[in-house]
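In the numbering used here, the protein residues as written are 4 to 430. Glycine is no exception: its CB is placed at the ideal position from the N, C-alpha and C atoms. This report refers to the structure that appears directly beneath it.
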Amino acid sequence: MMASIREIAKEAGVSPGTVSRVLNEDPSLSVATKTRQRIIEIANARNYTKQKRLTRQIQIVTHASKEKEMIDPYYRELRLAIEKEVKHLNLTLKKTIRTNTLTSIEQLQQVEKAGSVIVIGPFKQSVIQQLYTYNARLILINQIDAPNHIDAVSSDLYDSMQVLLESLQQQHVGKVAIISIMAQMGAFVPCQSATLPIFDQIFTRIGAADDLVSGKSTFMVEMLEAQKALKYATADSLIIFDEIGRGTSTYDGLALAQAMIEYVAETSQAKTLFSTHYHELTELEQHLPSLKNVHVAADEYQGELIFLHKVKDGAVANSYGIQVAQLADLPEQVIARAQVILDTFEAHEKAQVTYTSTVDQKSVSPTRVKASTVAEEPPQFEQPTFDLFASEAEVSEIELEIKQLNLSQMTPIEALVKLSELQNRLQ
Numbered sequence: 004m005m006a007s008i009r010e011i012a013k014e015a016g017v018s019p020g021t022v023s024r025v026l027n028e029d030p031s032l033s034v035a036t037k038t039r040q041r042i043i044e045i046a047n048a049r050n051y052t053k054q055k056r057l058t059r060q061i062q063i064v065t066h067a068s069k070e071k072e073m074i075d076p077y078y079r080e081l082r083l084a085i086e087k088e089v090k091h092l093n094l095t096l097k098k099t100i101r102t103n104t105l106t107s108i109e110q111l112q113q114v115e116k117a118g119s120v121i122v123i124g125p126f127k128q129s130v131i132q133q134l135y136t137y138n139a140r141l142i143l144i145n146q147i148d149a150p151n152h153i154d155a156v157s158s159d160l161y162d163s164m165q166v167l168l169e170s171l172q173q174q175h176v177g178k179v180a181i182i183s184i185m186a187q188m189g190a191f192v193p194c195q196s197a198t199l200p201i202f203d204q205i206f207t208r209i210g211a212a213d214d215l216v217s218g219k220s221t222f223m224v225e226m227l228e229a230q231k232a233l234k235y236a237t238a239d240s241l242i243i244f245d246e247i248g249r250g251t252s253t254y255d256g257l258a259l260a261q262a263m264i265e266y267v268a269e270t271s272q273a274k275t276l277f278s279t280h281y282h283e284l285t286e287l288e289q290h291l292p293s294l295k296n297v298h299v300a301a302d303e304y305q306g307e308l309i310f311l312h313k314v315k316d317g318a319v320a321n322s323y324g325i326q327v328a329q330l331a332d333l334p335e336q337v338i339a340r341a342q343v344i345l346d347t348f349e350a351h352e353k354a355q356v357t358y359t360s361t362v363d364q365k366s367v368s369p370t371r372v373k374a375s376t377v378a379e380e381p382p383q384f385e386q387p388t389f390d391l392f393a394s395e396a397e398v399s400e401i402e403l404e405i406k407q408l409n410l411s412q413m414t415p416i417e418a419l420v421k422l423s424e425l426q427n428r429l430q
């Protein structure tokens, strides 16, 4: 068992302060050589080990020079993140040591005096062992084959970046905005080569989300975001619109989508990616020189949809909506019924888009016309419906019974039972 300073002082017949100053090699202490020798002998005999005083100083040792950090920002961002956390914990940060091999006595003394040492980057095992000899409170970051007796962590920055880039591949037009930002900040981008302009602003309208707290519907949020892009975009801006107009009726959405395309083409002339399911809008390419149609290629083989994962020029021939629903494993009965309804709609009303240009405005307005010159009745479906505007004489017995129900006095179970009864009577 190791003796304490008080025990050594008692055996040597001196004060604990004298023992402490002798063992800590205080040069200002004036004591007889015989006394000094006796204190050291007793300390060795009692297995006394000098305790190092812990400090709140953190020493960073990195193998990356300043020049390397400028070339490869990975190590720079890692070091800056550590420095930020050290300051957040109210610890003291010592001057960073940049070296591949610790040969300087001054550097080794810095390591020895630190409260803890954080080592960034791959070092040889001999250097790691040398560091550990001078300071056992060692933490290795991204050290290949770190010894088991030394604490080590991996930042997983490369893996995180890989996951990020893989997710970008699934975001289609959204990844263009992120790649533009990455390129503009000087980072690598996930492609073989890229030629991008410098954008002053990036505006996006992607996804569908309402704002219940503010009382705004999905369509209102969509319009507000589109308004900002249309109002503030310049010729040096990037606009990304995804499925504008889907939150309202088909014709309203189509009209708004086309009006926005025309507005951007004729006013701000910002670089714009506009994804849409309105096939009618593809006709605009014939009237707006700055517009170009592209589509994500897909093929149909034996009734199944095959995605080719390629972007090709031109408009897509089909929307493949029912095929996508089939890939989602919707019930076969639903798929079959949807195909019948689609065929009926296409037979009765095939939409075409015609355009007219005014003298003072180069606007293009869509007008849906029948493919047939003879007006045809829309398909009729034999579904039971209630006429909300029927006269009193036409009110059925079941309708009268429904009117007489006191719903506030009925339990949910009673209401369901009554509804089931009325449904059975209708059938």
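Quiz item: From Gly124 to Gln146, what does the alpha carbon distance come to, in whole angstroms?
Solution: Here residue 124 is taken as the residue at index 121 of the sequence shown, counted from 1. Here residue 146 is taken as the residue at index 143 of the sequence shown, counted from 1. Taking the CA atoms as reference points, Gly124 sits about 6 Å from Gln146.
Quiz item: What is the C-beta distance between Thr95 and Ile61, in whole angstroms, given that I count them as a contact (C-beta under 8 Å)?
Solution: On the sequence shown, residue 95 is found 92 positions in, with the first residue counted as 1. On the sequence shown, residue 61 is found 58 positions in, with the first residue counted as 1. Contact between Thr95 and Ile61 holds: their C-beta atoms lie close to 7 Å from each other, under 8 Å.
Quiz item: Can you list, in chain order, the stretches of the alpha helix (DSSP H) that have 4 or more residues and sit fully within the region 111 to 158?
Solution: 128 to 137, all fully within the region 111 to 158.
Practice problem: Label Val299 either buried or exposed according to how many other C-beta atoms from any shown protein chain fall within 10 Å of its C-beta, with 16 as the threshold for buried. | Solution: Along the sequence shown, read from residue 1 onward, the residue named residue 299 stands at position 296. Exposed: under 16 other Cβ atoms inside 10 Å.
Quiz item: When the Cα atoms are used, what is the spatial distance from Thr207 to Gly177?
Solution: As a working note, residue 207 is residue 204 in the sequence shown. As a working note, residue 177 is residue 174 in the sequence shown. If you take the alpha carbons of Thr207 and Gly177, they lie about 8 Å apart.
Quiz item: Around the Cβ of Thr376, are there at least 16 other Cβ atoms within 10 angstroms (buried) or fewer (exposed)?
Solution: As a working note, residue 376 is residue 373 in the sequence shown. Residue placement at Thr376 cannot be trusted, given a pLDDT of 36 that sits under 50; the coordinates are not used to answer.
Exercise. Compute every distance between the C-beta of Asn93 and the non-hydrogen atoms of the ligand HEM, then say whether any falls below 7 Å.
Key: The ligand HEM is absent from the structure shown, which contains no ligand whatsoever.
Exercise. Measure the alpha-carbon distance for Pro387 versus Gln426 and round it to whole angstroms.
Key: As a working note, residue 387 is residue 384 in the sequence shown. As a working note, residue 426 is residue 423 in the sequence shown. With a pLDDT of only 43 at Pro387, under the threshold of 50, the placement of this residue in the model should not be trusted, and no figure is reported.
Quiz item: In chain order, which continuous runs of the alpha helix (DSSP H) of length 4 or greater are located wholly inside the region 33 to 103?
Solution: Entirely contained in the region 33 to 103, the alpha helix (DSSP H) runs reaching 4 residues are, in chain order, 36 to 48, 69 to 74, 76 to 91.
Self-check item: Nearest candidate by alpha-carbon position, reference His312, set Ala318, Ala301, Asn321
Solution: The count along the sequence shown starts at 1 and reaches residue 312 at position 309. Per the Cα distances, Ala301.
Quiz item: Residue range of the alpha helix (DSSP H) that Thr221 falls in?
Solution: Translated into the one-based positions of the sequence shown, residue 221 becomes position 218. Looking at the DSSP string, the run of the alpha helix (DSSP H) that includes Thr221 is 221 to 235.
Quiz item: Terminal residues of the continuous alpha helix (DSSP H) containing Val327?
Solution: Residue numbering aside, residue 327 sits at position 324 when the sequence shown is read from its first letter. From DSSP, the alpha helix (DSSP H) with Val327 extends over 324 to 330.
Self-check item: Buried or exposed (CB count within 10 angstroms, at least 16 for buried), Gly16
Solution: As a first step, residue 16 must be located in the sequence shown, where it is residue number 13. Using a 10 angstroms sphere on the CB of Gly16, the tally of other CB atoms stays under 16, which defines it as exposed.
Practice problem: Measure the alpha-carbon distance for Asp245 versus His91 and round it to whole angstroms. | Solution: In the sequence shown, the residue the question calls residue 245 occupies position 242. In the sequence shown, the residue the question calls residue 91 occupies position 88. About 41 Å.
Quiz prompt | Among Ile74, Ile131, Ile42, Val22, the one whose alpha carbon lies nearest that of Val64 | solution = For the purposes of this step, residue 64 is identified with residue 61 of the sequence shown, where counting begins at 1. Taking only the C-alpha atoms, the option nearest Val64 is Ile131.
Quiz item: From this set, Ala48, Leu233, Asn103, Arg41, which residue's C-alpha is nearest Val267's C-alpha?
Solution: As a first step, residue 267 is located in the sequence shown; it is residue number 264 there, counting from the start. The shortest Cα separation from Val267 among Ala48, Leu233, Asn103, Arg41 belongs to Leu233.
Quiz item: Which residues mark the beginning and the end of the alpha helix (DSSP H) in which Leu333 is found?
Solution: Your numbering for residue 333 matches position 330 in the sequence shown. Run containing Leu333: none; DSSP gives neither H nor E here.
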